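Here is the structure we will look at, set down as structure tokens.
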Amino acid sequence: DAGVIQSPRHEVTEMGQEVTLRCKPISGHNSLFWYRQTMMRGLELLIYFNNNVPIDDSGMPEDRFSAKMPNASFSTLKIQPSEPRDSAVYFCASRRQGAYTEAFFGQGTRLTVV
Amino acid sequence: KQEVTQIPAALSVPEGENLVLNCSFTDSAIYNLQWFRQDPGKGLTSLLLIQSSQREQTSGRLNASLDKSSGRSTLYIAASQPGDSATYLCAVEAAGNKLTFGGGTRVLVKP
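Going down the list, the protein sequences come from chains A and B.
Each residue of the first sequence is one higher than the last, beginning at 1 in the working numbering.
Each residue of the second sequence is one higher than the last, beginning at 1001 in the working numbering.
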């Protein structure tokens, strides 16, 4: 299996622009998570899905952030409009739903908003 | 609210020495605890998962223990090598399928 695949790996955009991050989970995994990592705050859970349904989006910082999972093999995290404080590494992770299963992470998307 | 703490934030040891990494959590009602490794500019790699009913889990030179009642886990890495240099993070899963992460311990193994 290729693991969790994220794209793009790096994104540099200007403030105010729309940014879309993409994630393909591991086949067979039915839980998907979006995390953000910064030096100041560490790893923060933004939102997660079970069986393509958003379960908890309490970590989404503002209405500028939105996430979708139209099918079991694809998810997007969108920021519109982007701001410099959104600069971070965004990770997607997936796992089989259940209490004793490992979570697997993608390589992340490093977002820089200038 | 679950809080996960890892102390120290950074650790430097000579090659060959055993590594001891600590993780503590405030709410003992967890399903499992997972240890990850993160190399600079990379994603997280899962090392070990300990179920709440287990006391320890081993993989090669790695051994992780869990004391749920006291809210602590320890990751031991035997005979450290320079290739073990990385940041190690622990994460606990409680109700709701959420993983809550500690801040990580940055490890440097000097040749």
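Virtual Cβ for every residue (Gly too), placed ideally from N, Cα, C.
Values in this document were obtained by computation on a predicted structure and should not be read as measured data.
Can you tell me whether residue i is buried or exposed, with buried defined as 16 or more other CB within 10 angstroms of its CB?
{"i": "A1113/B", "result": "Outside the modelled stretch of chain B, which goes from 1001 to 1111, sits residue 1113/B, for which no answer is possible."}
{"i": "S58/A", "result": "exposed"}
{"i": "H29/A", "result": "buried"}
{"i": "D86/A", "result": "buried"}
{"i": "G1016/B", "result": "exposed"}
{"i": "E1003/B", "result": "exposed"}
{"i": "R1055/B", "result": "exposed"}
{"i": "I1050/B", "result": "buried"}
{"i": "Q1057/B", "result": "buried"}
{"i": "N51/A", "result": "exposed"}
{"i": "V114/A", "result": "exposed"}
Within the 8 angstroms Cβ cut-off, does residue i reach chain A?
{"i": "G1016/B", "result": "no"}
{"i": "N1097/B", "result": "yes"}
{"i": "K1042/B", "result": "yes"}
{"i": "Q1051/B", "result": "yes"}
{"i": "Q1002/B", "result": "no"}
{"i": "F1101/B", "result": "yes"}
{"i": "G977/B", "result": "The question about residue 977/B has no answer here: the residues shown for chain B are numbered 1001 through 1111."}
{"i": "Q1057/B", "result": "no"}
{"i": "S1046/B", "result": "yes"}
{"i": "Q1032/B", "result": "For the sequence presented, residue 1032/B should be read as Asn rather than Gln. Yes, because at least one Cβ of chain A sits closer than 8 angstroms to the Cβ of N1032/B."}
Taking Cβ positions only, does residue i come closer than 8 angstroms to chain B?
{"i": "D57/A", "result": "no"}
{"i": "L45/A", "result": "yes"}
{"i": "S27/A", "result": "no"}
{"i": "S31/A", "result": "yes"}
{"i": "Y48/A", "result": "yes"}
{"i": "Y100/A", "result": "yes"}
{"i": "A103/A", "result": "yes"}
{"i": "G16/A", "result": "no"}
Would you grab the beta carbon distance between residue i and residue j for me? Rounded to a whole angstrom, and I think it's under 8 angstroms.
{"i": "L1019/B", "j": "V1107/B", "result": "6 angstroms"}
{"i": "T1100/B", "j": "V1092/B", "result": "6 angstroms"}
{"i": "S31/A", "j": "Q97/A", "result": "5 angstroms"}
{"i": "T109/A", "j": "R9/A", "result": "6 angstroms"}
{"i": "L1062/B", "j": "L1044/B", "result": "Going by Cβ atoms, the distance from L1062/B to L1044/B rounds to 15 angstroms, so no, they are not a contact pair."}
{"i": "Y1031/B", "j": "S1052/B", "result": "6 angstroms"}
With DSSP as the reference, identify every bridge partner of residue i, one or two as the case may be.
{"i": "E11/A", "result": "L111/A"}
{"i": "K1050/B", "result": "One point to set straight first is that residue 1050/B is Ile, not Lys, in the sequence displayed. Bridge partners of I1050/B: L1033/B."}
{"i": "Y100/A", "result": "Answer is none; Y100/A lacks a bridge partner."}
{"i": "A1010/B", "result": "R1106/B"}
{"i": "D56/A", "result": "Y48/A"}
{"i": "D1067/B", "result": "R1072/B"}
{"i": "R36/A", "result": "E44/A, Y90/A"}
Open item on the list: Does the structure place the region 34-47 of chain A close enough to the region 10-18 of chain A that three or more beta carbon pairs sit under 8 angstroms?
Closed with: no
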